[in-house]
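Mature numbering (1 follows the signal peptide of the UniProt record, and there is no 0) puts the sequence shown at residues -21 to -1, 1 to 665. Ideal placement from N, C-alpha and C gives every residue a C-beta, glycine not left out. For clarity, every value in this text was computed on a predicted model and none was experimentally measured. Down below is the structure, laid out as structure tokens.
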Amino acid sequence: MTFPIFMTTLCAVSIAGLAFADPVPERDPVFVLEPLVIRDRGLETPPLALPASVTRLDRDDIQKASAQLSINESLQTVPGVFALNPYNYAQDSRIAIRGFGARSDFGIRGIRLVVDGIPATLPDGQGGVDGIDLGSTGEMEIIRGPAAAIYGPASGGVIRIKTEEAPAVPFTELRLLGGSYGLFKSQFKAGYAEGPWNVLVSGTHFDYQGYREKSQTENTSLNTRIGYAFEDGSELTTVIQAIDYPVQDDPGGLTAAEVEADRRQARARNLQFDGGEQVRQQKLGFAYRRPLSDAQSLHVHAFLVNRDFANKLPFTDGGQVGFERFFGGMGARYAFGGEKLRWVVGAEVGRQDDARKNYDNLDGERGPVALEQDEVVTNVGSFVASEWAVSDQLSLSAALRYDEVHFDVDDDFLSDGDDSGKRTFRETSPMLGLLWAPRPELSFFANWTTSFETPTTTELDNPAGGGFNSALGSQTAQSLEFGLIGRLPNAFWRPKLELTVFSIDVEDALVPYEVENFPGRDFFRNAGSTRKEGLEALLALQPTERLSAVLSYTYSDFRYKDFDSPGGDYGGNRLPGVPEHFGNLRIDYRHPSGFSAIWNTRFVGALQADDANTTEISGYSFSDLRLSWEHAFGDWTFEAFAGVNNLFDQDYSANIRINAFGGRYYEPALGRNGYAGLRLRYSFGQ
């Protein structure tokens, strides 16, 4: 299906649904386009006063009748965000914002993660969403575009996640879900709020046999958020987390011929070497916020994470990787100023200490030690930001940040020589922004920003042996962005429009590749330069109290400008892993009786699988449907829900392994699959 046909079809469906809708009643709408506050930014500014592309998702967007198997489910309506790999839990979701993050071999790259005011991105730049409980997530804020001046090294943007707060009435809740391919998920949640206390506890157990051979996963998590409000107006948030992932199988990538023969098979070498991983993690964090006066506030955070990790890769030499990681940090931000001119100054420090030990993988059994080293990464950053209200309609913003990231490896396996080494990366990241709001419901913005990304400890792996790859450097980017946000609250359909165009120049881009001796393992090199130009659009409509729709579209023209690689000159080629076109339509219907329905259609255009552009992955579209019915009786609330994913049983790949050796690019997605469940909630003294 071509993109114009897709868009025409979706618009026709939307218009048809809206045309036959009831007249707008004079009551509060279900779909509310609320002002957004970037709390961690220090400058508490609604979106019409922020010179950046920001999207907010509320609790219903994240939780309502969803299977909650992956953060990808929540991000589909956000323009500029392209997420893959929702079903391979050994690799984690692959999230890209404006193409940054698409190269990741596992985890989240190029994007800063902040959870409850506490960083969830390591000092080396790698993040992960495996510890996020979607069942207790209250909101997400996605900032698209480089945000290094405020948040540190990140070219793509920021995903800020906040746990829901307990309501005024204490409650306890149980949610059970079962579905196709051995899916079973149980969730428990309880909340208490009285006086200065606000406590929410959630626990989840997840079992899934998987669509493909060797794609089983099992995990258990416990999350606690404790809020305490002091009499002076300050707030302390304590976050406690424990996760245990004893089974996360990796079925591996397939060739096109293997997909054609059997979509559900695992790669033979992943079976031979028992590919997969195990993870245990504990986290303790504190975030303290204190208003010092009407014009001053202080925000402080501190945290510590312990992570035990072990995996098996599909090759012999060093194919079993294990490490124990301690990761922690602290930071402070001070906001001050008057009505016209406001300032924020801040500093933070993070430390990551990995005791790494690799063994040979002897057909799934542990062999002799192949590598033993201690890796330490420290990141120290400081910034200053200001906002000047030139007039009631015009404001200017500026920020400047300095970061220093230091890598130190101490080789403890000396039989093959001493591969100890050090690398230090330093960068200054400025930002300039302008906002013009000629009317309260309409604003135009522009910004110029720079950013940089260091390689992670994994990306610094040396293909020639131990230690760090001394030839690999950091990548830098400059971004220019223009956009508008407008809404017509009194119009018949209550339309809201967001439109952004951007151009990003990247130097020394980090790109992955595989070598024959280590199939299934990514190494990295620097490309010469790339240019990313794109357009992001979102249209939200609310024709009635019961019906709403969100249509988003992204155009991405991402190309290498200069990339002379060992395989040839790739200048002018498209960057792999991100389609030129993708879009989404979501329609929500909610009836006063408690019945609700959510229809979601996703379109993804063709994309390249390798730097040489020799393999093009065909475009595809799929549709999902969710239904639920909720009823309250006394202190009890009951909800039954069900969903069908890939309703029309389309064949496509849930993940593309970029530059995979031997053409093993494809990880097939599930065919038509379904789930059903129930939720029971008891409110004490409602």
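Apart from the 5 residues on each side of it in sequence, residue 288 sits with its Cβ closer than 6 Å to the Cβ of 258, 302 in its chain, given in chain order.
For residue 533, the CB contacts under 6 Å within the same chain, skipping 5 residues up- and downstream, are 58, 59, 515, 561 in chain order. Excluding sequence positions up to five before and after residue 256, its CB lies within less than 8 Å of the CB of 69, 224, 227, 229, 288, 289, 290, 291, all in the same chain and listed in chain order.
In this structure, residue 507 sits near residue 542, with a CB-CB distance shorter than 7 Å. The region 298 to 354 contains, as complete beta strand (DSSP E) runs of 3+ residues, the segments 299 to 316, 320 to 341 (chain order). In this structure, residue 170 lies away from residue 185, with their beta-carbon atoms at least 7 Å apart. By a beta-carbon distance limit of 8 Å, residue 337 contacts residue 297. Their separation comes to about 4 Å. Inclusion of residue 115 and residue 125 in the CB contact set at 7 Å is not warranted, their separation being larger than that value. By alpha-carbon distance to residue 284, the top candidate from 173, 218, 367, 177 is 218.
Across the set 330, 43, 120, 260, the C-alpha of 43 shows the shortest separation from the C-alpha of residue 606. About 6 Å separates the Cβ atoms of residue 162 and residue 654, confirming a contact at the 8 Å cut-off. When the alpha-carbon of residue 658 is set against those of 164, 67, 121, 36, the nearest one is in 164. The three-state secondary structure of residue 557, taken from DSSP, is coil. Counting the other Cβ atoms within 10 Å of the Cβ of residue 141 gives 16 or more, which makes it buried. A residue is called buried when at least 16 other Cβ atoms come within 10 angstroms of its Cβ; residue 280 meets this threshold and is buried. Assignment of beta-bridge partners to residue 184 by DSSP yields 165, 199. For residue 418, DSSP records a beta bridge to 421. Residue 130 and residue 91 have their C-alpha atoms spaced approximately 7 Å apart. A Cβ-Cβ distance of about 6 Å is found for the pair residue 453 and residue 432, placing them in contact under the 8 Å criterion. Note that the C-beta distance between residue 555 and residue 588 is below 7 Å.
If one requires a minimum length of 3 residues, the beta strand (DSSP E) runs lying completely within the region 593 to 620 are 599 to 612, in chain order. Sixteen is the threshold: since fewer than 16 other Cβ atoms of the shown chains lie within 10 Å of the Cβ of residue 210, the residue is exposed. By the neighbour-count definition (other C-beta atoms within 10 Å, threshold 16), residue 472 is a buried residue.
Taken through DSSP and simplified to helix, strand or coil, residue 369 comes out as coil. In the structure shown, the three-state DSSP call for residue 129 is helix. Residue 240 and residue 233 have their C-alpha atoms roughly 10 Å apart.
Counting C-beta atoms within 10 angstroms of its own C-beta, residue 537 has 16 or more neighbours from the protein chains shown and is therefore classed as buried.
Under the three-state reduction of DSSP, residue 209 is assigned to coil, being neither helix nor strand. Taking the C-beta atoms as reference points, residue 624 is found nearer than 7 Å to residue 603.
Taking a cut-off of 8 Å on C-beta distances, the region 271 to 279 touches the region 314 to 327, as three or more cross pairs fall below it.
By the neighbour-count definition (other C-beta atoms within 10 Å, threshold 16), residue 194 is a buried residue.
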